[in-house]
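Worksheet for the structure shown next.
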Amino acid sequence: MTHDDNEFRVAVIGMACRFPDADTVTDYWRNLCEGRESVRPLAPEAMPADPPAGYVHAGALLADADKFDAEFFEMPPREAQLTDPQHRLFTLCAWEALEDAGHIAAENPTPVGVFAGAGISTYLLRNLVGHASLFQTPSSQLHALHGNASDYMATRVSYKLNLTGPSVAVQTACSTSLVAVHQAAQALLDFQCDVALAGGASVQVPQEAGYIYEEGSILSPDGHCRAFDADASGTVFGSGVGVVVLKRLADAIADRDNIHAVIVGSAVNNDGGNKIGFTAPGIAGQRAVIREALSAAGIGADTIGYVEAHGTGTKLGDPIEVAALSAAYREHTDAAQYCALGSVKSNVGHLNSAGGVAGFIKAVLAVREGRIPASLHYTRPNPEIDFAATPFFVNTELRTWSDEVRRAAVSAFGIGGTNAHVIVEQPPTQAPAPVQSGPRALLISGRTAQDADRIAARLAEHLSNTDAELASVAKTLTHGRRRFPHRRMVVASTTAEAAAALSKPAAGEASPAPALAWLFPGQGVALGAAVLELAATVRPFGDRYRACADILRERSGFDLDAAVRNAEGTEQTQVALFAVEYALAGMWREFGAEPRELLGHSLGELVCATIAGVFELADALQLVVERGRIMAASPPGGMLAISKGVDVVAERLPEDVWLAADNSANRCVVAGSPAALFRLAGELSEEGVPSSLLPVGHAFHTPLMDEAAARFAELVRGVPRKAPEVPFWSNVTGAPITAEQAVDPAYWSRQMTSTVRFREAALALVGRNPGTVALEVGPGKSLVSFLRTADRASATVGTLGIGLGAGAPETAIVDAAGRLWLSGVAIDFDAIYGGETSAKVSLPTYPFALKRYWVDAPEVAPTQTRRIDPVAPASAPIDSTTAEPSDEDDFVVSVRNQVVAVWCAALGIDEVGNDANFFELGGDSLLAVHVATQLRSIFPLDLALGELFASPTAAGMADTIAAHLMQRLDELSDSEVELLLNQPGAAEERSNNA
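Take 4 as the starting number for the sequence shown in the working numbering and just add one per residue.
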């Protein structure tokens, strides 16, 4: 295999960790580069009162090991409490690693594999087992098993994250997580999956506990791991979790993934019986696995500049490991001490099942960053190691790594003899993709509003300290993050602008089923140079605008650019507005903003008809040209906008003034003779009613348009017409247009002379479309403001601003797209940015809302008050929704209270409403079996599980039980009946009598 051969290479595209003193990979790398040791003395108050001989009060602790975001992963509190922190933290890291990779598993059909292992559940052994009440039924025992046995950690992640590739539990002791990396890489090369998660977890419980040193054991006598040093006497065990995301290198390059490093070869084997004991290391096995990895990589050992060793700091293990490495490397080179050697165990301790991935992540970072962190506590070599005769030297300082090709090897050797060796090299230099300049929308979403705000704050801080291209940041946020309901968005052209804007982002909550309505304004809105700028900078708009311009020039001799620029007179304004709105509609359709409804105002209804397929574009443009000319030839008139509704205005209109448009509950337009309008405006002013004359020279939508309307009907009759393919609303009726109306020339004649019934149409539109999102497809925001008065809950977005302060039109389009996204409308941002192929980048991951979910060990379990993390069933407080009316049957109330108490204990919650659904509260089939068993221990029930849960609410279940018991009253003794009515002690008494 050659160095340039990518066929059998695997890219590392995502990483996440929870290591001592490091909640992120960035923290971890900083600690390593600073030479920080995270194994330290424990808190004095945790010191045993009478420590045994050899006790060492030191450890490598993991922050927040008792916490989890159960709501995010849809896990009931009780289930979270009964789940090993190893499983919980691995799930968190799996999510973060996929985010770092920019891979949204829930929205991507690509099969993703999971290869992972964990240590023995000390949480189960030391905290849970002592509470017999947690294991009363087979179903509760299964829950504890599923949450604590290492067999289920990988499959739990596959289930929670919807990953459909192979999901495999790996258990090889100390080499577990590096074996997982090897198996994941092999699964990718065998095409068992297209993306793979690999890693491991080891969390010791209790955290604040030292250990006992014994002469000759693997443990250190002083709380330090001195790998390869003469004073090395053992290691210190710590807690940690690490996950990496892998992908075939060719695919990662093609997808422009953020490649941290490349796996060029790996191998796994076992020592077999050729060693002095089961727990002893084997030199032959270690040498063989290193040779096999080099062979798989197709490289010489002389090209490797760093080895992240297993390095446990034991007198026996260190010399054997160096001897095995030297034997394998000597088959390739005679060079001495050219290769740096180190062990991360000197920093964070031995992380057991997570130790391999801790070393792997360190090696990945070293080849990526071109620096080799120091291995701590090394002053002079183990006397059994002659480093001068080997290819290795122990790296004792932060070293700049300037080799043209940086390669590192990682070893992990498990007790029991399973050895793993992986070789990585620096990421390839990818050819920069052409990136267009211009504004970008940064899209943020969270499960809650608070989460979304925390993401925005994290991103702002990150962007203040990064040189990443804004286009890459935008792409990663758009394609590399799952979309949640609570959303934030900013538009910027530089990372500095984005960081500043994120202090106050636009906010919204996505509708689960947004109904997008396109609104098209009529004559009276301004156009100007912004339209021409938009045509020059936004191709999807420019293409359609120029197509209209070409048709107009060829068929009518009409200069569209001049009309847009000058907009003088009805004959120019109408044509320009029609072309602009038609082009904007095509642009939005290309951007993925497909409408469910179309609603136009006056001329805007003709745009709707053209988009809906009633008219062909060329015919529509010719009609609008002629419409503008004949309307311009109509008698002079004027139009007056009034800030009152038609119910107030209509009754006071003079004879030569008519209602032209009913826009909203507090906006209408009247039209007629200029003199009459001037007098009316004066009267309204005296009454304190605002009004304004519109910049038009005719009284549209009045009888003054009768002659022009008749001529227009003849023009419509002369062009082909088809029934609409997309529904749109009639200005004449305020209702959805019918197929007959849409093709009738007489309808289009009436449309010119009748009142525009926009208010009626808007009310009906939002009434039949819950979750309406209205987009004004034209300049300004007049129509969306009218619609907002019809329904304040509707989201509204304008396409183009007008006047001073409107900003660049290209920015306005990106901002409008972002605001549509805030409301839940699916937008193709790639189309907006011209299909550029920006690379993904690492960004801050989801800020989980961590809470304590913990069952304390029996000797410290809380006994006085019920907490969110109880260790035994207890009567739950009943909220106000469970308060019963005084005339309700006492027996039913008693049963219901006991049902609620059993539910609270099973689900680990404090309150249950009468009508709450068991399964919506987080219950599942196993918990249902457990609840049924508990209820049968309280009541003499012969009900099957299906009957008991036929109505899965507390009230429904209580009614079912009460009805069943009432039918059996004749079979019960007086004492049993009395016991059933005695709620406080019924369960205990029945249990004691059983």
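By construction, the Cβ of each residue, glycine as well, lies at the ideal position given by its N, Cα and C atoms.
Item	Value
Where the alpha helix (DSSP H) through residue 78 begins and ends	Note, residue 78: premise wrong, no alpha helix (DSSP H); not H, not E.
Proximal residues to residue 999 (C-beta, below 6 Å), its chain only, five neighbours per side dropped	Because residue 999 is not part of the residues shown, which for the chain are 4 to 997, the question remains open.
Separation of residue 363 from residue 538, as counted between CA atoms	52 Å
Burial state of residue 439 (16 or more Cβ within 10 Å)	exposed
Identified DSSP bridge partners for residue 755	Bridge partners of residue 755: none, in fact.
Residue 506 - containing alpha helix (DSSP H), residue span	That residue, residue 506, is in no alpha helix (DSSP H); it is neither H nor E in DSSP.
First and last residue of the uninterrupted beta strand (DSSP E) at residue 823	Element bounds for residue 823: not the beta strand (DSSP E) but the alpha helix (DSSP H), 812-825.
Distance between residue 620 and residue 555 (C-alpha atoms, nearest Å)	10 Å
Cutoff 6 Å; reference residue 274; Cβ partners in own chain excluding five residues on either side	285, 288, 420
Backbone secondary structure at residue 151 - three-state DSSP	helix
Exposure of residue 266, with buried meaning 16 or more beta-carbon neighbours within 10 Å	buried
Element boundaries [alpha helix (DSSP H), containing residue 350]	348-351
Presumed contact (8 Å Cβ cut-off) between residue 125 and residue 442, rounded CB distance	Contact flag wrong, Cβ pair sits at about 53 Å.
DSSP three-state assignment for residue 944, whether helix, strand or coil	coil
Ordered list of alpha helix (DSSP H) runs contained in the region 541-602, each at least 4 residues	542-559, 563-569, 573-593
Nearest-angstrom Cα separation, counted from residue 385 out to residue 406	29 Å
Cβ pair count under 8 Å reaching 3, the region 460-476 against the region 398-417	no
Rounded separation between residue 473 and residue 844 - CA only	10 Å
Nearest-angstrom Cα separation, counted from residue 603 out to residue 704	14 Å
CB-CB length for residue 633 against residue 711, believed under 8 Å	4 Å
The region 209-222 in contact with the region 160-168 per 3-pair CB rule at 8 Å	no
Which residues DSSP lists as bridging residue 512, in chain order	489
Residue closest to residue 74, alpha-carbon to alpha-carbon, out of 82, 68, 67	82
Through-space distance from residue 853 to residue 889, alpha-carbon basis	In this prediction, residue 889 has a pLDDT of 45, which is less than 50 and means its spatial position is unreliable; nothing more can be read from the coordinates.
Counterpart residues of residue 731 in DSSP-defined beta bridges	601
Stretch-stretch touch, CB-based, cutoff 8 Å, three pairs: the region 7-19 with the region 233-251	yes
Residue 933, DSSP secondary structure in three states	helix
Selected residue, minimal CA-CA separation from residue 488, among 515, 195, 714	515
Whole-angstrom C-beta distance between residue 309 and residue 391, which should lie under 8 Å	Their Cβ separation, rounded to whole angstroms, is 19 Å, which puts residue 391 and residue 309 out of contact at 8 Å.
Secondary structure, alpha helix (DSSP H): runs of 4+ residues fully inside the region 622-671	649-652
Simplified DSSP state of residue 989, which is helix, strand or coil	Residue confidence for residue 989 is low, a pLDDT of 39 falling below 50, so the modelled location carries little weight; the figure read from the coordinates is stated next. Reduced to three states, the DSSP call for residue 989 is helix.
Run of the alpha helix (DSSP H) containing residue 268, from where it starts to where it stops	Not the alpha helix (DSSP H): residue 268 falls in the beta strand (DSSP E), residues 264-273.
Exposed unless 16 or more other CB atoms sit within 10 angstroms - verdict on residue 872	Reliability fails at residue 872, whose pLDDT of 36 lies under 50, so the model's placement of it is uncertain and the value that follows must be treated cautiously. The residue is buried, with at least 16 neighbouring Cβ atoms inside 10 Å.
C-beta contact flag for residue 462 and residue 395 at 8 Å	no
Inter-stretch contact (C-beta, 8 Å, three-pair minimum) for the region 773-789 and the region 734-748	no
Bridge partner(s) assigned by DSSP for residue 170	117
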